[in-house]
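There are 2 protein chains.
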Amino acid sequence: MTSDDGARPQRTDRRFTGDPTRARLLEAALDSFSTKGFHGTSTRMIAARAGLSPAAVYVHHRTKEEILFQISRDGHQEALDVVLAAIDSEATPPGRLRAIVRDFATWHARRHTLARVVQYEMAALTPEHADLIAALRRHTHNAVRGVVLAGIERGDFTVRDPESTTVALLSLGIDVARWYRADGAWTPQRVGEDYAELALRLVGHSPGASRNQDDEASLAR
Amino acid sequence: MTSDDGARPQRTDRRFTGDPTRARLLEAALDSFSTKGFHGTSTRMIAARAGLSPAAVYVHHRTKEEILFQISRDGHQEALDVVLAAIDSEATPPGRLRAIVRDFATWHARRHTLARVVQYEMAALTPEHADLIAALRRHTHNAVRGVVLAGIERGDFTVRDPESTTVALLSLGIDVARWYRADGAWTPQRVGEDYAELALRLVGHSPGASRNQDDEASLAR
DNA sequence: CCTACCGATCGGTAGG
DNA sequence: CCTACCGATCGGTAGG
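Shown next as structure tokens:
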């Protein structure tokens with residue numbers, strides 16, 4: 001075992017930075033948006049959960065929607081960063097796809113509170129904010145599709161339709177936000193490992209069947 | 001071509017039955033719940049969309065939550081019926097799994113308005129209603145898991161973990177409700193066919209590799 | 001199935 | 001960052 005892999009305990013999640021009171025309000029809003037939804041959450045509930053008066057919300061944020069936007073943008077950026085870092089961590093399409101799906105699914109489990117707001121509260125954004133979020137989502141989608149296409153090009157993957165396969169790969173991770181429970185039997189890492197295996201099956205990758213020998217290095221663990 | 005398969009045009013979806021005014025209210029509620037969510041929908045919006053006065057909602061329904069429950073229960077029952085009918089339509093685990101995922105994904109695309117309420121508005125139900133819905137969901141889950149386990153038993157499927165594989169198979173269909181757009185490039189049938197192929201990959205089914213020759217009958221199309 | 005209305009709560013602001 | 005308050009809207013009901 002190396003010193004910094006595998007069985008390390010749950011790392012501290014990166015939370016909202018900057019002014020602590022502002023961060024407490026964002027945390028309170030995140031918790032409530034995640035379980036009750038944006039429209040099921042009042043600004044008074046957010047304030048109360050942060051231990052402040054109802055009006056304190058408007059000291060730090062102009063509107064309730066702007067709070068949602070901050071949370072959604074940060075969350076989308078985190079998810080995108082996870083995918084880009086996974087791609088950078090490996091050299092071949094099979095290695096990259098495995099890392100993407102493992103880390104994307106793990107992120108949706110570990111950060112399921114945030115991920116639920118990210119994936120299921122987009123309809124409450126203003127059109128302008130929705131456009132900014134949509135750009136981040138396209139970036140993530142295109143990054144995954146690029147790896148799928150590269151794997152097909154190299155003969156690593158056997159895929160009938162790259163578009164529906166890309167959607168399916170993303171769906172596996174995204175839907176984790178819906179069903180994952182912190183008190184359930186599965187750790188985020190376990191979900192990630194299982195889903196990474198399933199991802200390689202989805203793209204028809206059988207180790208040793210590709211044209212490129214250097215795949216094996218990225219598959220060894 | 002046989003007379004009643006394949007290219008038949010979109011069939012008329014089964015809608016709410018019984019009293020027409022009541023059905024109009026349920027349709028109006030469904031449309032609004034689907035795009036704005038339960039908490040983002042007022043009873044006045046429902047009434048207006050049905051062409052009635054605000055109080056008319058309470059002629060046919062006791063509370064707003066009861067409207068959601070009716071829609072959610074009917075929708076969950078439809079989805080369960082789709083899965084059970086798919087199982088009945090085939091004799092072998094590979095045939096059954098293909099039919100399940102094809103029809104489950106097709107249903108989530110064709111009925112994406114209803115499916116969004118079914119999959120994403122459960123948190124707004126009363127605890128009693130949530131329990132009834134949970135039983136329908138367990139029934140669906142267990143039916144799919146049974147086919148996965150039967151396929152493993154027969155040697156048709158090679159699966160590392162039946163539980164996470166079952167969750168993944170259901171996730172593929174459920175997440176269709178989130179991303180499917182009626183004005184997009186894909187027909188519900190196309191989504192279903194693509195996803196059925198992916199499902200057999202997920203369970204490690206390679207035609208001809210199983211111990212049972214009669215699989216081929218269910219795979220021929 | 002309608003008009004008219006109930007108390008409660010909403011997002012947001014004035015003023016300090 | 002608080003108290004106090006604004007008009008608007010909410011789910012639901014009385015009475016016909």
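Protein chains in written order, with UniProt numbering: chain A, 1 to 221; chain B, 1 to 221. No residue lacks a Cβ here, since even glycine has one placed at the ideal position from N, Cα and C.
Check                                                                                                                                                                                   : Outcome
By how many angstroms is the C-alpha of isoleucine 67(A) removed from the C-alpha of histidine 129(A)?                                                                                  : 11 Å
Go to phenylalanine 104(B), then tell me how far its alpha helix (DSSP H) extends in each direction, as first and last residue.                                                         : 93-110
Give a yes or no on whether the C-beta atoms belonging to tyrosine 120(A) and tyrosine 120(B) are separated by under 8 Å.                                                               : yes
Since isoleucine 174(A) meets chain B, which of its residues come closer than 9 Å, beta carbon to beta carbon?                                                                          : Ser171, Asp175, Arg178, Trp179
Could you tell me whether the Cβ atoms of serine 171(A) and valine 117(A) are closer together than 8 Å?                                                                                 : no
For alanine 55(A), which residues from the same chain have a beta carbon less than 8 Å from its beta carbon, with the 5 sequence-adjacent residues on both sides left out?              : Ala47
Please classify threonine 12(A): is it buried, with 16 or more other beta-carbons within 10 angstroms of its beta-carbon, or exposed?                                                   : Note that threonine 12(A) scores a pLDDT of 45, beneath 50, so its modelled location is shaky; the value from the coordinates is reported in the next line. So threonine 12(A) ends up on the exposed side.
How should valine 176(A) be labelled, buried or exposed, when 16 other C-beta atoms within 10 angstroms of its C-beta is the threshold for buried?                                      : buried
Does the separation of the CB atoms of arginine 110(A) and proline 188(A) fall below 8 Å?                                                                                               : yes
Is it right to say histidine 112(A) is buried, meaning 16 or more other beta carbons lie within 10 angstroms of its own, or is it exposed?                                              : buried
I'd like the list of long-range same chain contacts for leucine 84(B), defined as Cβ closer than 7 Å, with 5 residues on each side in sequence excluded.                                : Ala143
Which value, in whole angstroms, describes the spacing of the CA atoms of glycine 37(A) and histidine 39(B)?                                                                            : 8 Å
Can you give the Cα-Cα distance for glutamate 78(A) and aspartate 88(B), rounded to whole angstroms?                                                                                    : 44 Å
Going along the chain, which residues of its own chain have a beta-carbon closer than 6 Å to the beta-carbon of alanine 29(B), five neighbours each way excluded?                       : Ile46, Ile67
Give a yes or no on whether 8 Å exceeds the smallest Cβ distance from glutamate 197(A) to chain B.                                                                                      : yes
Around the C-beta of aspartate 194(A), are 16 or more other C-beta atoms found within 10 angstroms, so that it is buried, or is it exposed?                                             : buried
According to DSSP, simplified to helix, strand and coil, what is glutamate 193(B)?                                                                                                      : helix
Which residues, in chain order, does the UniProt domain "HTH tetR-type" (19-79) of chain B contribute to contact with chain A at a C-beta distance below 9 Å?                           : Thr35, Lys36, Gly37, Phe38, His39, Gly40, Thr41
Strictly below 7 Å CB to CB, what residues from chain B border valine 167(A)?                                                                                                           : Trp179
Pull out every residue of the region 120-141 of chain A whose Cβ sits closer than 8 Å to any Cβ of chain B, in chain order.                                                             : Tyr120, Ala123, Ala124
Would you report the Cα separation of serine 53(B) and leucine 114(B), rounded to the nearest angstrom?                                                                                 : 24 Å
Count the other C-beta atoms from every protein chain shown that fall within 10 angstroms of the C-beta of threonine 17(B), then say buried if there are 16 or more, exposed otherwise. : exposed
Check the C-beta distance from threonine 106(B) over to glycine 192(B) and give it rounded, since I have them as a contact under 8 Å.                                                   : 3 Å
Report the three-state DSSP secondary structure of phenylalanine 38(A) (helix, strand or coil).                                                                                         : coil
For valine 82(A) and histidine 61(B), I'd like the C-alpha separation in whole angstroms.                                                                                               : 46 Å
Can you give the beta carbon distance from arginine 154(B) to proline 93(B), rounded, assuming they're within the 8 Å contact cut?                                                      : 6 Å
Are the Cβ atoms of threonine 41(B) and phenylalanine 33(B) separated by less than 8 Å?                                                                                                 : yes
Would you kindly report the start and end of the unbroken alpha helix (DSSP H) that includes leucine 84(B)?                                                                             : 64-88
Can you tell which of Ala86(A), His108(A), Arg22(A) has the C-alpha that lies nearest to the C-alpha of tryptophan 186(A)?                                                              : His108(A)
Just to confirm my understanding: we take aspartate 31(B), look at its own chain, exclude 5 residues before and 5 after, and list those with CB closer than 7 Å. What are they?         : Arg49, Thr113
Please report the straight-line C-alpha distance between aspartate 103(B) and glycine 75(B), rounded to a whole angstrom.                                                               : 15 Å
Which of the three DSSP states, helix, strand or coil, is assigned to histidine 61(B)?                                                                                                  : coil
So, with DSSP's three-state summary, where would you put isoleucine 186(B)?                                                                                                             : Reading the sequence as shown, one finds tryptophan at residue 186(B) and not isoleucine. Coil at tryptophan 186(B), not helix or strand.
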